[in-house]
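Heads up: the structure comes next, in structure tokens.
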Amino acid sequence: MKILLACATFLALIFSALGAPAEDEVISLPGLKKQPPWKQYSGYLQASGSRRLHYWFIESANNPKSDPLALWMNGGPGCSSVFGLLSENGPYRVQEDGLTLEYNPQSWNSVANMLYLEAPAGVGFSYSDDKNYTTDDDQVAKDNYLALKDFFAKFPEFATNEFFITGESYGGIYVPTLSVLVMEDTSFNFQGFAIGNGVSSRELLEDSIIYFAYYHGLIGKEEWLSLLSVCCGGDGTDCKFLTKSQTSAPCYDEVTRVNDVIHGGSFDVYNLYNLCAGGVTSYSQKHAAILDWAFDVPPPPGARSRRKSVGSSVNKSATCTNDTALTTYTNLPEVRTALHIPTNVQKWQNCVDYGTNWYTRIYNDTSKFYYQLLNGGVVKPRGMWHYMDERGQKQVAGFVKTFDRITYATVRGSGHMVPTDRPRPALVMFTNFVRNSPFA
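Taken in order, the sequence shown gives residues -19 to -1, 1 to 421; the numbers are from mature numbering (1 follows the signal peptide of the UniProt record, and there is no 0).
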């Protein structure tokens, strides 16, 4: 027993000496009236070559030693996970003045240690010494994997914590491709992954956007019937709009017109029922929305593209959204200093061209990755799941269907960014996930 205790003490001293890099600790975060009780770190993780990925690690407010560790990634490709931290599921929310922060009572770090990674290189504060930002789905997965290896080398005391990979939007590509690499490496205590509103199938996504537009009243019945006529012989049961638009010029034109209604500057593309931030604008004049997929396909042979080219001066955010306050805050000199961002690193942007102009999308469908990671059939049929609201009353959070190793849950009344629109149900959903609790 004495030998075991001595070994345990010795190992504890080693981990204490090697863990939690002091040079990365954020001692004081600007904009807060009172500094948090938890520890947090910001710095860089080594990816392939000279690529350095910025991370922001926030320890659990509960019990960091025993609580799980979750990686969070935003999508794009080309959008920053710091956006998710400061406007979705992190412990802080940037206020409208762009100078101050308020605490988020529904922060996911109430139940888990949260690691936010800005990827690929060139996004947010991440960079590459050689300025080569050309990448693709597989390279991003490899770089993120290497960054995780570096993270656990910096923080070996968290190596035994249960580890989860989470993300949203183009995270539907990032998360499963990375998860396969992590699953094959037994040094990770990998327990599972979660994807919010993720890109998993290009065909299903593009086709469903058209159905969404009609059934939400964005186009009228005449337009709908015309669309069905030229794209699927008048049958709207299961129309393959994407496939047909690549071979039929009339279908391409009709589909593009519908898509322009959705992304044309009149609606918040992430939440249809939100007000348009800044007022209704012209898509072609002010915005070059970076969206997962929005019929960014070439026209069929002989047809002329209706897409307009945009310059580097346009707003890279989606129409009817406003990230001015967040952009202002992250680029404050005192914030960059607190986060240990080198002076030669680019200014922070929510979404940048690096991820789209120099990014090759390899996977139009990620089914094969899910097949590697999951198996089994339906265990519980579709039903409602609930949460307790601020008054302690039970409310319907959404609907859920459980399979052998995967749970599909919807969140009632939310747009694309669930932690922003419905923070309390989102936290309950995340808690159920990391604790393997049933959705009841």
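For each residue, glycine too, the CB sits at the ideal point set by N, CA and C. A quick note: this is a predicted structure, and the numbers were derived from the prediction, not measured.
Starting from residue i, trace the beta strand (DSSP E) both ways and give me its first and last residue.
i	result
L355	Element bounds for L355: n/a, residue is neither H nor E.
K225	Element bounds for K225: not the beta strand (DSSP E) but the alpha helix (DSSP H), 222 to 226.
D375	Before going further, note that residue 375 is Lys rather than Asp in the sequence given. Segment 375 to 384, the beta strand (DSSP E) holding K375.
V161	Looking at the DSSP string, V161 is not in any beta strand (DSSP E); the run it does join, the alpha helix (DSSP H), is 152 to 164.
G173	171 to 177
I146	144 to 149
L50	50 to 54
N303	Segment: none, N303 is in no beta strand (DSSP E) and carries neither H nor E.
Y25	21 to 27
Y251	Taken as a continuous stretch (DSSP letters only), Y251 belongs to no beta strand (DSSP E), as it is neither H nor E.
L67	Note, L67: premise wrong, no beta strand (DSSP E); alpha helix (DSSP H) at 62 to 68.
Going by C-alpha distance, which of the options is nearest residue i?
i	options	result
Q87	A421, F420, N417, V399	V399
G364	Y352, D370, Y351, A378	A378
I387	S168, W89, I176, N345	I176
R317	L206, G396, V63	V63
A306	R74, G215, P2, A42	R74
L67	S226, I154, W89	W89
C332	A102, A42, Q172, S47	A102
Y192	T116, W205, V180	W205
Q120	N85, S168, G30, F136	G30
L185	V392, P18, S348	S348
T412	A28, I190, G59, N94	N94
T309	W19, G79, R32, G57	G79
P58	A122, G373, S168	A122
Please go through the same chain and pick out, in chain order, the residues whose beta-carbon is closer than 6 Å to the beta-carbon of residue i, but skip the five residues on each side of it.
i	result
F38	Y22, L96
R285	Model confidence at R285 stands at a pLDDT of 46, short of 50, so the residue's coordinates are unreliable; what they give is reported in the following sentence. Once the five neighbours on either side are set aside, R285 has no close Cβ partner at all.
L26	L34, Y36, A128, D131, F132
L13	L82
G65	W53, N55
F174	I146, V156, S160
P404	Q87
V359	Residue confidence is low: V359 scores 45 on pLDDT, short of 50, so the model does not pin down where it sits. Its coordinate-derived value is still stated next. Here the set comprises F384.
L408	Q87
S226	C232, Y233, V236
What are the residues that DSSP puts in a beta bridge with residue i?
i	result
S109	R32
T341	D117
R74	E83
D346	S182
residue 432	The chain is shown only over -19 to 421; residue 432 falls outside these bounds and no answer can be derived.
W37	S23, Y97
G364	V381
residue 434	Residue numbering for the chain in the displayed model covers -19 to 421; residue 434 lies beyond these limits and cannot be assessed.
Along the chain, where does the alpha helix (DSSP H) that runs through residue i open and close?
i	result
residue 425	The structure shown has nothing for residue 425, since the chain only spans -19 to 421.
M410	404 to 415
W205	202 to 213
Y389	Per DSSP, Y389 belongs to no alpha helix (DSSP H); it is in the beta strand (DSSP E), 388 to 390.
N44	No alpha helix (DSSP H) holds N44; DSSP gives it neither H nor E.
N94	From DSSP, N94 is part of no alpha helix (DSSP H) but of the beta strand (DSSP E) over 94 to 98.
T237	230 to 244
R317	314 to 319
State the CB to CB distance for the pair residue i and residue j, rounded to an integer number of angstroms; the pair is presumed to be in contact (CB under 8 Å).
i	j	result
F414	W366	Not confirmed; about 12 Å, so no contact.
L50	N142	5 Å
G24	P45	Incorrect: roughly 18 Å between the Cβ atoms, too far for contact.
N43	V92	6 Å
V250	C301	7 Å
D117	I343	5 Å
W339	T158	Incorrect: roughly 18 Å between the Cβ atoms, too far for contact.
N178	S210	Not a contact, Cβ separation roughly 31 Å.
D188	K135	So it is not a contact: roughly 44 Å between Cβ atoms.
G152	S181	Incorrect: roughly 10 Å between the Cβ atoms, too far for contact.
V104	S61	6 Å
Please go through the same chain and pick out, in chain order, the residues whose beta-carbon is closer than 7 Å to the beta-carbon of residue i, but skip the five residues on each side of it.
i	result
A390	W366, G379, V381, M410, F420
F106	H35, E99, I322, V326, W329
L199	V242, I243
P11	L313, E315, V316, A319
V7	Q21, Y22, S23, A319, L320
A275	Reliability fails at A275, whose pLDDT of 46 lies under 50, so the model's placement of it is uncertain and the value that follows must be treated cautiously. Same-chain partners within the cutoff: N240, H244.
N252	G396, H397, D402
T311	V63, W329
M164	F171, L354
K375	H367, M369
E235	S207, L208, V211, C212
P72	P17, I39, Y84, N85, S88, N90
H197	L253
Residues in the same chain with beta-carbon distance under 8 Å from residue i, minus the five sequence neighbours each way, listed in chain order, please.
i	result
I303	Looking at the sequence shown, residue 303 is not Ile but Asn. Only A258, G259 meet the Cβ criterion.
E77	A306
T224	E184
Are there any heavy atoms of the ligand ZN lying less than 6 Å away from the beta-carbon of residue i, as far as the coordinates show?
i	result
R32	The ligand ZN is not part of this structure, which contains no ligands at all.
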